[in-house]
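In my numbering, the protein residues as written are 474 to 1189.
Where is the CB? At the ideal position from N, CA and C, for every residue including glycine.
All figures in this text were calculated on a predicted structure; none of them were measured in a lab.
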Ligand code: IVH
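Put into structure tokens, the structure is as follows:
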């Protein structure tokens, strides 16, 4: 009987291994045909049969499950050709600190949050911040099953096959490790390996690489693992994701465990007890920096005790228990040849310096931001002189600075190299795109004039409209793959009714308009049949969208991702949100008060919101958009099992067991909303000694009042 027709349980172990090997490759091949080229060779039913066969054999021979097994892959292959992986725990980033002062503030904030007096009793670890790519390695039963890039922190790319070529990463952990282990760390290329690679490239007359980090990133993104294997990549373990058991109770202990399991860990990691020791270690690492065989861009500090890390918890994107102390940015001298003005989504005119190309920190820089009109003049954000008042002129020799992925900046000029006849830069008073007046608004609260000059053209200004569309389709908003800056500029400029996109709803009618027209997108340079198919698929895949993304995508001033999340959580559905914003238009009354009571939403933001919803043009665009897409209701907060999920709590008076910050963070992690003032929407008021007007109001309108102990009993 041929092995294909034998029941899985009747296969010998050799046959099963061969079959799984075949299926992994065959399914991957069909995936590539289907997703990558849009040319499937087999029917969906036949494809499903292959997957089922794979699952059956794996069930019968669990020891043979391969790292690259089709059953391990999640989601569809993105355009890059890698499968997506949803991280079991999000991969966060770190807050940055730049000075000794910032580090003192960080340490003080940790003590403050925990309600402890700074007495050096909290130990911190300090270790180099490796300039590579973060990686999450998932082991099940001791075996490496998935290696994923960070991606957007929630979803990354599955690069398991490539990671398996890195000798420093163990494919198998020693016996006795917890069943599920996710080791996280940095993949990097050693400076020496990078130089050797470049020497070889140069000898072969091929173009050389820019820096180790980009080369490592490029190597990891090779679709063929053989290519990755040729580049020598390395790894340092420093963090973890999901763990079915914890082998240690400190940061240091965890990293020591990883070392014992066979992972490389950084030898410069230390446990320290005071700010002075921390800063001394930072300086020491700074001195060693150039002699290390890997690039680092700072030192990371973490609270050592894991129970304290747990209490400190997270902000939206980064832990409260860690920070990255960055090294000063690298600088270089070059010439400023021109100043161009870019118009942003909200009409801000941003001056951009065009430079004689120069390498700064391993990357060629040709542009740098000049921030705003005052910055060019030598005036800071509060009206204070910067660069001792020196202005920036075309022709100047400038000091360019670049730090990490931040946009390069011009920090100063060399005055005695200023060419004769250089004149002060005249900032335009009109929008370079639409010609409307460009004005500097007066800040409502402070009465100060805004540093940013803005185009008043609004919807008339094509630059604003285009930027708006780019924002709408961008990664954190609708995330429409294949609809990047270039494509949007093309669609926007088109006069053809079957092609043009002027506002967001037009994106969703494009396919329909194409169907009924003879001017076909696929015949246009830069779009092929395959890419058009992918684009429509990407657009249609976003007809249902998370409420916070939808709100963020609207591009309302001051509504970034964090505020969009707060609003989505507070209102739950788009209709409730829009109704509330309209009801709040008069800037008084219940709807207005409730908006302002959302913790994190201040008056400036609240005003921007109601102004946005007063504008008929905005309501028209949204109306048409809602005919095409459905914002999802915000599911009850993740901690739906918790007794306070979805409840609104107000803390007032002094608390004794927690600091206010910790109480708030705890409540939020359990899915509660924490508000600053009491209203009819408040579910609980937790009142400590000294509570005043909020407590009175709660009693008056009949809100449940409890003390700290009752609250603790409630949340368990
Ligand atoms: S800890 C929850 N430690 O820096 C904290 N990160 O800016 C997890 N990085 O995405 C990160 N060296 O890629 C940590 N010793 C180190 C690091 C390190 C480099 C990277 C990492 C992270 C980024 C955050």
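Under the three-state DSSP convention, the category residue 1187 falls into | Taking the first residue of the chain shown as 1, we reach residue 1187 at position 714. Helix at residue 1187.
In whole angstroms, what is the alpha-carbon distance linking residue 649 and residue 818?
-> Looking up residue 649 in the chain shown gives position 176. Looking up residue 818 in the chain shown gives position 345. Their backbone Cα atoms lie some 55 angstroms apart in a straight line.
Pairwise C-alpha distance: residue 641 and residue 514 | The sequence position of residue 514 within the chain shown is 41, counting from 1. The sequence position of residue 641 within the chain shown is 168, counting from 1. Near 38 angstroms, if we compare the C-alpha coordinates of residue 641 and residue 514.
Terminal residues of the continuous beta strand (DSSP E) containing residue 445?
-> Nothing can be reported for residue 445: it is not among the residues displayed for the chain, which extend from 474 to 1189.
If we count Cβ pairs, one from each stretch, closer than 8 angstroms, do we get three or more for the stretch 1140-1158 versus the stretch 1118-1130?
-> yes
Below 8 angstroms CB to CB, which residues in the same chain sit around residue 578 once its five sequence neighbours on both sides are set aside?
-> Position 105 of the chain shown, counted from the start, is the residue given in the question as residue 578. Contacts found: 570.
Helix, strand or coil: which one does DSSP assign to residue 612?
-> For the purposes of this step, residue 612 is taken as the residue at position 139 of the chain shown. In the structure shown, residue 612 sits in a strand (DSSP, three-state: E or B).
At a cut-off of 7 angstroms, is residue 792 close to the ligand IVH when judged by its beta-carbon and the heavy atoms of the ligand?
-> Position 319 of the chain shown, counting from 1, holds the residue named residue 792. Answer for residue 792: yes, Cβ within range of the ligand IVH.
Should residue 1070 and residue 1161 be called a contact, given that it needs their Cβ atoms to be closer than 8 angstroms?
-> In the chain shown, residue 1070 corresponds to position 597, counting from 1. In the chain shown, residue 1161 corresponds to position 688, counting from 1. It is not a contact, given that the beta carbons lie outside the stated cut-off.
Enumerate in chain order the residues of its own chain whose CB-to-CB distance from residue 665 is below 7 angstroms, with the five nearest sequence positions on each side excluded.
-> Within the chain shown, residue 665 is the residue found at index 192, counting from 1. Closer than 7 angstroms at the Cβ level, and outside the excluded window around residue 665, lie 766.
Proximity test, residue 655 beta-carbon vs the ligand IVH heavy atom, cut-off 7 angstroms | Mapped onto the chain shown, residue 655 falls at position 182. Not under cutoff, so the answer is no.
The ligand IVH heavy atoms versus the CB of residue 773: any closer than 7 angstroms?
-> Counting from 1 along the chain shown, the entry for residue 773 is found at position 300. Yes, since a heavy atom of the ligand IVH falls inside the 7 angstroms radius drawn around the Cβ of residue 773.
Terminal residues of the continuous beta strand (DSSP E) containing residue 727?
-> Indexing the chain shown from 1 puts residue 727 at position 254. No beta strand (DSSP E) holds residue 727; the alpha helix (DSSP H) holding it covers 724-733.
For residue 765, does the three-state DSSP call read helix, strand or coil?
-> By 1-based counting over the chain shown, the position of residue 765 is 292. Three-state result, residue 765: coil.
C-alpha distance - residue 983 paired with residue 846, whole-angstrom precision = Numbered from 1 along the chain shown, position 510 holds the residue referred to as residue 983. Numbered from 1 along the chain shown, position 373 holds the residue referred to as residue 846. Spanning the two alpha carbons is a distance of roughly 40 angstroms.
Could you say which of 901, 752, 761 lies nearest to residue 740 if we only look at CA atoms?
-> By 1-based counting over the chain shown, the position of residue 740 is 267. The shortest C-alpha separation from residue 740 is found at 761.
Shortest alpha-carbon distance to residue 619 belongs to which of 543, 662, 594?
-> Stepping through the chain shown from its first residue, residue 619 is reached at position 146. For residue 619, the nearest C-alpha among the options comes from 543.
Burial state of residue 991 (16 or more Cβ within 10 Å) | In the chain shown, residue 991 corresponds to position 518, counting from 1. Its Cβ having fewer than 16 others within 10 Å, residue 991 is exposed.
Cβ-heavy atom distance, residue 603 to the ligand IVH, below 7 angstroms | By 1-based counting over the chain shown, the position of residue 603 is 130. Correct: residue 603 has its Cβ closer than 7 angstroms to the ligand IVH.
Can you give, in chain order, each stretch of the alpha helix (DSSP H) that sits fully within the stretch 893-977 and has at least 4 residues?
-> 935-946, 958-966
Per DSSP, what kind of secondary structure is residue 482 in: helix, strand or coil?
-> Position 9 of the chain shown holds residue 482. Residue 482: helix per DSSP, three-state reduction.
Would you say the beta carbon of residue 637 comes nearer than 7 angstroms to a heavy atom of the ligand IVH?
-> For the purposes of this step, residue 637 is identified with residue 164 of the chain shown, where counting begins at 1. No, Cβ of residue 637 sits at least 7 angstroms from all heavy atoms of the ligand IVH.
The alpha helix (DSSP H) with residue 813 in it runs from where to where?
-> Position 340 of the chain shown holds residue 813. Careful: residue 813 lies outside any alpha helix (DSSP H), inside the beta strand (DSSP E) at 803-816.
Regarding residue 600 and the ligand IVH, is the C-beta to nearest heavy atom distance less than 7 angstroms?
-> One-based indexing of the chain shown puts residue 600 at position 127. Yes, since a heavy atom of the ligand IVH falls inside the 7 angstroms radius drawn around the Cβ of residue 600.
Taking 8 angstroms as the cut-off, decide whether the C-beta atoms of residue 492 and residue 484 are in contact.
-> Numbered from 1 along the chain shown, position 19 holds the residue referred to as residue 492. Numbered from 1 along the chain shown, position 11 holds the residue referred to as residue 484. Yes.
Are residue 471 and residue 925 closer than 8 angstroms when you measure CB to CB?
-> Here the chain has residues from 474 to 1189 only, and residue 471 is not among them.
Looking only at its own chain, which residues have a Cβ that is under 7 angstroms from the Cβ of residue 671, when we skip the five neighbours before and after it?
-> The count along the chain shown starts at 1 and reaches residue 671 at position 198. The answer, listed in chain order, is 681, 682.
Run the proximity test for residue 607: is its beta-carbon closer than 7 angstroms to any non-hydrogen atom belonging to the ligand IVH?
-> What you label residue 607 is simply residue 134 of the chain shown in a count that begins at 1. Answer for residue 607: yes, Cβ within range of the ligand IVH.
Would you call the stretch 848-861 and the stretch 961-972 in contact, with 3 or more CB pairs under 8 angstroms?
-> no
When 1066, 1076, 785 are compared against residue 918, the one with the closest alpha-carbon = On the chain shown, residue 918 is found 445 positions in, with the first residue counted as 1. The shortest C-alpha separation from residue 918 is found at 1076.
Using beta-carbon positions only, say whether residue 816 and residue 906 come within less than 8 angstroms of one another.
-> For the purposes of this step, residue 816 is taken as the residue at position 343 of the chain shown. For the purposes of this step, residue 906 is taken as the residue at position 433 of the chain shown. Against a cut-off of 8 angstroms, the Cβ pair of residue 906 and residue 816 comes out as a contact.
Please name the residue, chosen from 594, 1064, 622, that lies closest to residue 606 on a Cα-to-Cα basis.
-> Indexing the chain shown from 1 puts residue 606 at position 133. Closest option to residue 606, Cα to Cα, is 622.
Following the continuous beta strand (DSSP E) through residue 640, name the residue where it begins and the one where it ends.
-> Taking the first residue of the chain shown as 1, we reach residue 640 at position 167. No beta strand (DSSP E) holds residue 640; DSSP gives it neither H nor E.
Kindly list the residues whose CB is nearer than 7 angstroms to the CB of residue 994, restricted to its own chain and excluding five residues on each side of it in sequence; keep chain order.
-> For this step, residue 994 is matched to residue 521 along the chain shown. So the list reads 972, 987, 1000, 1005, once near-sequence residues are dropped.
Would you mind working out which of 769, 647, 928 sits nearest residue 612, comparing C-alpha positions?
-> In the chain shown, counting from the first residue as 1, residue 612 sits at position 139. That would be 647, whose Cα lies nearest to the Cα of residue 612.
Could you tell me whether any non-hydrogen atom of the ligand IVH is closer than 7 angstroms to the CB of residue 659?
-> Stepping through the chain shown from its first residue, residue 659 is reached at position 186. Under cutoff, so the answer is yes.
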